[in-house]
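In our numbering, the protein residues as written are 993 to 1133.
One structure is given here, and the rest of the page talks about it.
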Amino acid sequence: MDGSTDGYAGRIEVFEGRSDRRMRSEAERARIAAESLAPGAKVADIARRHGATRWQVYDWRRKLRSGDLAVPAEALREPTFAALVVEQPEQTPSPTDRTRGGGTRPSRIELVVDGVILRVRSDIDADQLSRMIRAIRAASR
993 MDGSTDGYAG RIEVFEGRSD RRMRSEAERA RIAAESLAPG AKVADIARRH GATRWQVYDW
1053 RRKLRSGDLA VPAEALREPT FAALVVEQPE QTPSPTDRTR GGGTRPSRIE LVVDGVILRV
1113 RSDIDADQLS RMIRAIRAAS R
């Protein structure tokens, strides 16, 4: 062996400018996070498939659950609404069910979210209901 190869460490590449870090759109991050939430999905496998780290996917999942990241409707494969089951009341409201203002009491809605029963008045604000559902989902994970 001659002296010309002494100290050879291998090939070295130098990149100038922006890092090789991939810049993903919010929609792409949301799609990857939603994919990782599918039953039986493994975060490590999904991260590897998309060239991301597990920690990025976990961060995107957290943001998706908190509402800071939204999945575009065209990216969803299945509908994201819950089935509505309407049950007939057992009896009609009696006159004692009337409020002081002369009207009837608002009816109630019962939702099952991740195994938790949520009972709310039918006149609940949609934003408040959304916050309650997100809180239940966050607590049940």
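Note that beta-carbon positions come from the ideal geometry of N, C-alpha and C, so glycine has one too.
- Among 1120, 1098, 1039, 1103, which one has its Cα closest to the Cα of residue 1114? Residue mapping note: residue 1114 aligns to position 122 of the sequence shown, counting from 1. Proximity to residue 1114 across 1120, 1098, 1039, 1103 peaks at 1098, based on C-alpha coordinates.
- Measure the C-alpha to C-alpha separation of residue 1038 and residue 1124 and round it to an integer number of angstroms. Locating residue 1038 in the sequence shown gives position 46, counting from the first residue. Locating residue 1124 in the sequence shown gives position 132, counting from the first residue. Each residue's alpha carbon lies about 29 Å from the other.
- Task: Count the other CB atoms, across all protein chains shown, that sit within 10 Å of the CB of residue 1044; report buried if there are 16 or more and exposed otherwise.
- Result: Position 52 of the sequence shown holds residue 1044. Counting Cβ neighbours within 10 Å, residue 1044 comes out buried, since at least 16 surround it.
- Whether residue 1047 touches residue 1022 by CB criterion (9 Å): By 1-based counting over the sequence shown, the position of residue 1047 is 55. By 1-based counting over the sequence shown, the position of residue 1022 is 30. The answer is no: Cβ separation not under 9 Å.
- Task: Report the residue from 999, 1131, 1002 whose alpha carbon sits nearest the alpha carbon of residue 1107.
- Result: Translated into positions along the sequence shown, residue 1107 becomes position 115. Out of 999, 1131, 1002, 1131 has the C-alpha closest to the C-alpha of residue 1107.
- With C-beta atoms as the reference, is residue 1027 less than 9 Å away from residue 1036? Numbered from 1 along the sequence shown, position 35 holds the residue referred to as residue 1027. Numbered from 1 along the sequence shown, position 44 holds the residue referred to as residue 1036. Taking 9 Å as the cut-off, the Cβ atoms of residue 1027 and residue 1036 do not count as close.
- Message: Quick check on DSSP: helix, strand or coil for residue 1056?
- Response: Taking the first residue of the sequence shown as 1, we reach residue 1056 at position 64. DSSP places residue 1056 in helix when its eight states are reduced to three.
- Whole-number beta carbon distance between residue 1111 and residue 1100, since they are thought to touch under 8 Å: Along the sequence shown, one-based indexing puts residue 1100 at 108. Along the sequence shown, one-based indexing puts residue 1111 at 119. 6 Å between Cβ atoms; contact.
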